[in-house]
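Under the working numbering, the first residue of the sequence shown is numbered 156, with each subsequent residue one higher. In this text, a Cβ means the ideal position worked out from N, Cα and C, and glycines have one as well. Quantities reported herein were computed from a predicted structural model and do not represent experimental measurements. Below is one structure, written out as structure tokens; the observations come after it.
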Amino acid sequence: MATIYYTATSLDGFLATAEHSLDWLFEVPGAAEAESGIGDFMAGIGALAMGSSTYEWLLAVEKPHEKPGAWQESFGDRPTWVFTHRNLPSVPDADIRFTQAPVDQVHAKMAAGAGDRDIWLMGGGDLVGQFADAGLLDRVMVTIAPVTLGAGAPLLPRDIRSDQLTLTSVSQAGQFAELAYDVKPKVTT
Ligand SMILES: NC(=O)c1ccc[n+]([C@@H]2O[C@H](COP(=O)([O-])OP(=O)(O)OC[C@H]3O[C@@H](n4cnc5c(N)ncnc54)[C@H](OP(=O)(O)O)[C@@H]3O)[C@@H](O)[C@H]2O)c1
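Right, here's the structure in full:
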């Protein structure tokens, strides 16, 4: 079981614009074809976590309230933890668990829910950073779009050096570069 941060990013390390737009990503030629590879990744996932901005983006854009089965089409019945301090709407028939508990406690529940499958940390970057701070991030898989944004939601706003990151895979999907890194916990002296 591995805990994986899998995301698309701009070349300059942003997940979304400051207004939480992903238009820049979907307008890249071949974006839909590149995204179709997510099925193989998803097959190995047993539990997910995301922050509230990411969840609210999914609600606003995918509209799972208006489209019965839309959430399940993307995520199946996988348990999904949404980190928030607010009361957010749930999605009918989806296994969504709102939490503001420390990430190590949530991770233990996610691991139990995932069984022998992996955990997908969807983002945003600071939430993934909280898992990294706790030594609970095993892999980073980024799909880099041929776009710079100049500003926005950061990919991973942490100081993680090359003694912790090992490049394990490099590939191309149309206009996208796909990189994978194994992550080692920080050695504290
Ligand atoms: N390019 C991609 O493939 C991709 C992937 C993922 C996300 N995105 C986009 O990137 C943007 C990310 O937004 P973001 O940087 O704001 O990150 P986010 O993690 O989606 O949301 C951050 C919010 O989550 C809540 N939160 C975070 N940690 C928490 C904790 N430990 N306990 C309780 N609540 C916690 C807080 O909000 P509250 O407590 O106020 O609710 C915080 O302001 C979104 O627009 C998303 O759609 C893009």
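Which stretch, first to last residue, makes up the alpha helix (DSSP H) that contains Asp195?
-> For the purposes of this step, residue 195 is identified with residue 40 of the sequence shown, where counting begins at 1. Looking at the DSSP string, the run of the alpha helix (DSSP H) that includes Asp195 is Ile193 to Ala198.
Spatial neighbours of Asp250 within its chain, please: CB distance less than 8 Å, with the 5 preceding and 5 following residues excluded, ordered by chain position.
-> Against the sequence shown, residue 250 aligns to sequence position 95. Same-chain partners within the cutoff: Asp232, Arg233, Pro234 and Thr235.
Taking three-plus beta-carbon pairs below 8 Å as touching, is the region 319-339 in contact with the region 184-204?
-> yes
Close-in-space but distant-in-sequence residues of the same chain around Leu304 (CB under 8 Å, 5 per side omitted) | One-based indexing of the sequence shown puts residue 304 at position 149. Answer for Leu304: Ser165, Asp167, Phe169, Thr172 and Trp179, listed in chain order.
Roughly how many whole angstroms lie between the Cα atoms of Tyr210 and Met197?
-> Working through the sequence shown from its first residue, we reach residue 210 at position 55. Working through the sequence shown from its first residue, we reach residue 197 at position 42. Those two C-alpha atoms are separated by around 17 Å.
Proximity of Gln255 and Phe238 at Cβ, strictly below 9 Å | Within the sequence shown, the letter at position 100 stands for residue 255. Within the sequence shown, the letter at position 83 stands for residue 238. Yes, the pair counts as a contact, with Cβ atoms nearer than the cut-off.
With distances taken Cα to Cα, identify the nearest neighbour of Gly201 among Ala300, Leu292 and Leu276.
-> The count along the sequence shown starts at 1 and reaches residue 201 at position 46. Taking only the C-alpha atoms, the option nearest Gly201 is Leu276.
On the three-state DSSP scale, how would you describe Asp337?
-> Taking the first residue of the sequence shown as 1, we reach residue 337 at position 182. It is a strand residue.
Which one or two residues does DSSP pair with Ser326 in a beta bridge?
-> Stepping through the sequence shown from its first residue, residue 326 is reached at position 171. DSSP, once it has assigned bridges, lists Glu333 as partnering Ser326.
How is Gly307 classed by DSSP in three states: helix, strand or coil?
-> For the purposes of this step, residue 307 is taken as residue 152 along the sequence shown, with counting starting at 1. Reduced to three states, the DSSP call for Gly307 is coil.
Tell me whether the beta-carbon of Leu310 lies closer than 9 Å to the beta-carbon of Thr162.
-> For the purposes of this step, residue 310 is taken as the residue at position 155 of the sequence shown. For the purposes of this step, residue 162 is taken as the residue at position 7 of the sequence shown. Their beta carbons are under 9 Å apart, which means Leu310 touches Thr162 by this criterion.
How about Met205: is its Cβ closer than 8 Å to a heavy atom in ligand 1?
-> Within the sequence shown, the letter at position 50 stands for residue 205. Yes, Cβ of Met205 sits closer than 8 Å to a heavy atom of ligand 1.
Would you call the region 269-284 and the region 292-308 touching, i.e. three or more CB-CB distances under 8 Å?
-> yes
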